[in-house]
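Structure first, then comments.
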């Protein structure tokens, strides 16, 4: 099924019309910033996204088991969370939900054949074994069903990862190119086979009635205006084609695609165009790259003597954490340290005097 069938450009936004209202009867489209979801798609956090799909599986099974407004709203929230994170994952949501609806609660092999055909036999083995486990169990234990559909989501994400590898490589090559080319000319930094590929891309256009104004990035039937504007639209047949279209529109609008100086992944600055740090929180970090970058910039601007002072302070703090008896003395030292740092910055004491003072750890010998 062609999920994204009509795309509109509206200033710095793309508006996407869905043709899959089966999974939500009133949700007919979404609006998103040019380039932002493209970058998210090629740098997405797999662990986080698998968590989103687990929530969708749990919510939709509950809805299939008991069709209530409460269960529908929980399912709707899980669906919207995936789309808000990255609109290009919407097709996976559709495939997963439509498959669950077709098979639940019978779990027949026939109802799942179209899904199995998407993958190589060795890839689908684990999935079919889990399907047999659910089927043979007879009771359709919810836990076993969750495992089955989480496997389905994981397989679909594997396929998504495979599909976007070439595009991901192109974006990195564009970011790493030393030239100062702008717009579509950035594609000349790619190798010839990839340049030829882009020159051969075609996106059929037609006149259509636009979607009107989005509400919280969503187009719902209840929000549509009666008299939409007639505008040029683009027909898109697949998620991958939509990703390529988004890249070309990003280049056409000359939006800067950069590599973050902290995590070294592509990003488009949302604020200052000269930003060199993205606003992601990378796996294993507590703060956004932008915050880490600001701290690093501050540290780099510190005079050498101040850098030594803060290193000594961290060292003392570590030793105090191992010996709580020193805590009182350390609190007194920190007050005095603040006074000494101010005196140094005001040229009331020399760098040597300041260093002699903070390197003296006599106060720790109690």
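Numbering (the working numbering), first residue to last: 1 to 366. C-beta atoms are modelled at their ideal positions from N, C-alpha and C, and glycine is treated no differently. What you are looking at is a predicted structure, and each value in this text was computed from that prediction instead of being measured.
At which residues does the alpha helix (DSSP H) containing residue i begin and terminate?
{"i": "residue 51", "result": "46-65"}
{"i": "residue 230", "result": "It is not in any alpha helix (DSSP H) - residue 230 instead sits in the beta strand (DSSP E) that spans 230-234."}
{"i": "residue 277", "result": "Counting along the chain, residue 277 falls outside any alpha helix (DSSP H), and DSSP gives it neither H nor E."}
{"i": "residue 167", "result": "165-176"}
{"i": "residue 330", "result": "327-345"}
{"i": "residue 72", "result": "69-85"}
{"i": "residue 245", "result": "239-252"}
{"i": "residue 350", "result": "No alpha helix (DSSP H) holds residue 350; DSSP gives it neither H nor E."}
Between the options, which has its C-alpha nearest residue i's C-alpha?
{"i": "residue 111", "options": "229, 135, 342 and 228", "result": "135"}
{"i": "residue 249", "options": "152, 183, 176 and 161", "result": "183"}
{"i": "residue 45", "options": "247, 2, 359 and 161", "result": "161"}
{"i": "residue 244", "options": "216, 272 and 163", "result": "163"}
{"i": "residue 146", "options": "54, 337 and 6", "result": "54"}
{"i": "residue 305", "options": "359, 330, 327 and 233", "result": "359"}
{"i": "residue 204", "options": "101, 2 and 6", "result": "6"}
{"i": "residue 103", "options": "336, 148, 75 and 270", "result": "148"}
{"i": "residue 118", "options": "133, 129 and 152", "result": "152"}
{"i": "residue 56", "options": "50, 327, 78 and 273", "result": "78"}
{"i": "residue 24", "options": "322, 253, 219 and 312", "result": "219"}
With a CB to CB cut of under 6 angstroms and the five nearest residues on each side skipped, what residues in its chain are close to residue i?
{"i": "residue 357", "result": "340"}
{"i": "residue 412", "result": "The shown model of the chain, from 1 to 366, leaves out residue 412, and the question about it has no answer."}
{"i": "residue 351", "result": "305"}
{"i": "residue 343", "result": "349"}
Under 8 angstroms Cβ to Cβ from residue i, same chain only, skipping five residues before and after it: list those, please.
{"i": "residue 333", "result": "316 and 363"}
{"i": "residue 230", "result": "207, 208, 209 and 210"}
Report all residues from its chain with a CB closer than 7 angstroms to the CB of residue i; omit the five preceding and five following residues, and keep chain order.
{"i": "residue 222", "result": "26"}
{"i": "residue 43", "result": "265 and 266"}
By the DSSP assignment, the beta strand (DSSP E) with residue i in it spans what residues?
{"i": "residue 207", "result": "205-209"}
{"i": "residue 9", "result": "4-10"}
According to DSSP, which residues form a beta bridge with residue i?
{"i": "residue 16", "result": "7 and 30"}
{"i": "residue 266", "result": "259"}
{"i": "residue 218", "result": "30 and 215"}
For the pair the stretch 8-18 and the stretch 77-84, tell me if three or more CB-CB distances fall below 8 angstroms. no
Is the number of C-beta pairs between the stretch 224-243 and the stretch 85-93 that are closer than 8 angstroms three or more?
yes
Can we say the stretch 92-100 touches the stretch 150-158, given the rule of at least three CB pairs closer than 8 angstroms?
-> yes
**Prompt:** Would you call the stretch 256-275 and the stretch 29-44 in contact, with 3 or more CB pairs under 8 angstroms?
**Reply:** yes
- Message: Whether or not the stretch 193-204 and the stretch 60-78 are in contact is what I'm after, with contact meaning three or more pairs of Cβ atoms, one per stretch, closer than 8 angstroms; do they touch?
- Response: no
Notebook entry, point to check: Three or more C-beta pairs closer than 8 angstroms, one from the stretch 251-259 and one from the stretch 115-135: is that the case here?
Noted result: no
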